[in-house]
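To convert a position in the sequence shown, counted from 1, into this note's numbering, add 92.
First the structure, in the form of structure tokens, and then the observations on it.
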Amino acid sequence: MDTRLEELLPIIDQGFIDTTGTIPVVVEGVLRALPVGEHVSKPSVHEAHELTYMRKGKIQYNIKGKTYVIPEGHAIVIKPHRAHTYSVVDGPAEIIVVYFGFAAKNTDGSSAPKISNASIEQFFSFVNGDAEKTDKEEFSGDAMMVQGRYGQSVASLVERILGERNEDNFAGSLMQRCLAIELVIEVTRSMKDSWERSLRIKEGKARELVLIARDYIMANYNKDISVADAANYVFLSQGYFARAFRDETGMSPMAFLIKVRVEKSCELLSHRDLKVSSIASRVGFSSPQRFNAAFRKQMGMTPMEYRRRLA
């Protein structure tokens, strides 16, 4: 790394520590391939926050008796010192795991920051300007899901962090520190969004819950999501959610999801370099056959016929 850029790193660290008390740092980043059916029954415990991004497949975590299902494109942050096990429910799976923590100023005279016991809740409280929120029940869980638009941002960041750690890039250490800060900010934004959503749900009516779920579907239409996923997002039973959604929108959640996918596919069909099979996958259909059937039902023609009419 360039000497002048090397000199920037301790300056950035110190400035951040002087303002917030700590600075986010990535401890480790790894890519793992997991076979379908793999089950780890011996609990794992880590000193750092563990962020797992589901690049491919689906994993189920068990953390202190609570189950978290992580589908493709989503992520989970497990807090330090929480024992957890996992099993691959849809594979083969690929995950990127990033361990991160919060470093404080060393007292031994060295310039490198030292990992502290600070939590992501404390960092959130600083960002949000409310130190009292760390004791509230919305932060008392052992893990937090990162999904929707924040899941997409986190996906890009962990891929870049992994690349920086595996390659000897120019100014790599400085870039890794910047990416760590950005990653933690995106996670705290997701926490804030989840916290505000939980307040709306506690105080809201069916229409507000349906609007929240609708936004979730529109943000994740291209992923392997189900009605159960949308219902869980607003903390409702699947049956109640389906009835409320139909009452408010005039269609079932699944019909709405298919409608969004078909509409998005219409936009992509104007790009003639994209194959129909590729478009089917991009908008979330499990096969070209299901895509063709859904498209014909909604548009009254096949995707190829629609493309020819665009000419």
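Don't be surprised by glycine CBs; every beta carbon is placed ideally from N, CA and C.
The model shown is predicted, which means the values in this text are computed figures rather than measured ones.
For a test of the three-state rule: what should DSSP assign to residue i, helix, strand or coil?
| i | result |
| --- | --- |
| Lys225 | Residue confidence for Lys225 is low, a pLDDT of 48 falling below 50, so the modelled location carries little weight and cannot support an answer. |
| Met267 | helix |
| Glu355 | helix |
| Ala347 | helix |
| Met393 | coil |
| Pro102 | helix |
| Val250 | helix |
| Pro380 | helix |
| Val161 | strand |
| Met93 | Annotation note: pLDDT 44 at Met93 (below 50); position unreliable, no value reported. |
| Ala125 | strand |
| Ala403 | coil |
| Asn312 | helix |
| Ala386 | helix |
| Ile317 | coil |
| Ala140 | coil |
| Ala298 | helix |
| Val368 | helix |
| Val276 | helix |
| Asn324 | helix |
| Thr341 | helix |
| Ala334 | helix |
Using DSSP bridges, identify the partner residues of residue i.
| i | result |
| --- | --- |
| Met236 | Val169 |
| Glu120 | Tyr191 |
| Val132 | Tyr178 |
| Met146 | Ile187 |
| Tyr153 | Tyr160, Tyr178 |
| Ile115 | Ala195 |
If you count every other CB in all the chains shown that lies within 10 Å of the CB of residue i, and 16 or more means buried, which is it?
| i | result |
| --- | --- |
| Asn333 | The question names Asn, but residue 333 is Phe in the sequence shown. Under this definition Phe333 is a buried residue. |
| Met35 | As shown, the chain starts at 93 and ends at 403. That puts residue 35 outside it, with no answer to give. |
| Thr159 | exposed |
| Pro163 | buried |
| Pro135 | exposed |
| Met343 | exposed |
| Phe337 | buried |
| Ala386 | buried |
| Met396 | exposed |
| Phe262 | exposed |
| Arg306 | buried |
| Gly149 | buried |
| Val128 | exposed |
| Asp105 | buried |
| Ser133 | exposed |
If residue i sits next to residue j, beta carbons under 8 Å apart, how far is it from one beta carbon to the other, in whole angstroms?
| i | j | result |
| --- | --- | --- |
| Val319 | Pro345 | 5 Å |
| Arg299 | Glu340 | 5 Å |
| Val122 | His166 | Actually they do not touch by this definition, with Cβ atoms about 18 Å apart. |
| Ser212 | Thr144 | Position check: residue 212 holds Ile in this sequence, whereas Ser was assumed. The Cβ separation is near 15 Å, so there is no contact. |
Can you check whether the CB of residue j is closer than 8 Å to the CB of residue i?
| i | j | result |
| --- | --- | --- |
| Tyr308 | Ala323 | no |
| Val117 | Gly193 | yes |
| Glu256 | Met267 | yes |
| Val180 | Leu254 | no |
| Ala195 | Ile273 | no |
| Ala140 | Val161 | no |
| His176 | Asn154 | yes |
| Glu259 | Val189 | no |
| Pro380 | Ser362 | no |
| Leu360 | Ile371 | yes |
| Val246 | Tyr313 | no |
| Ala235 | Ile304 | no |
| Leu275 | Leu249 | yes |
| Ser282 | Tyr242 | yes |
Looking at chain D, is there any beta carbon in it that lies within less than 8 Å of the beta carbon of residue i?
| i | result |
| --- | --- |
| Ser357 | Annotation note: the requested chain D is absent from the structure, which comprises a single protein chain. |
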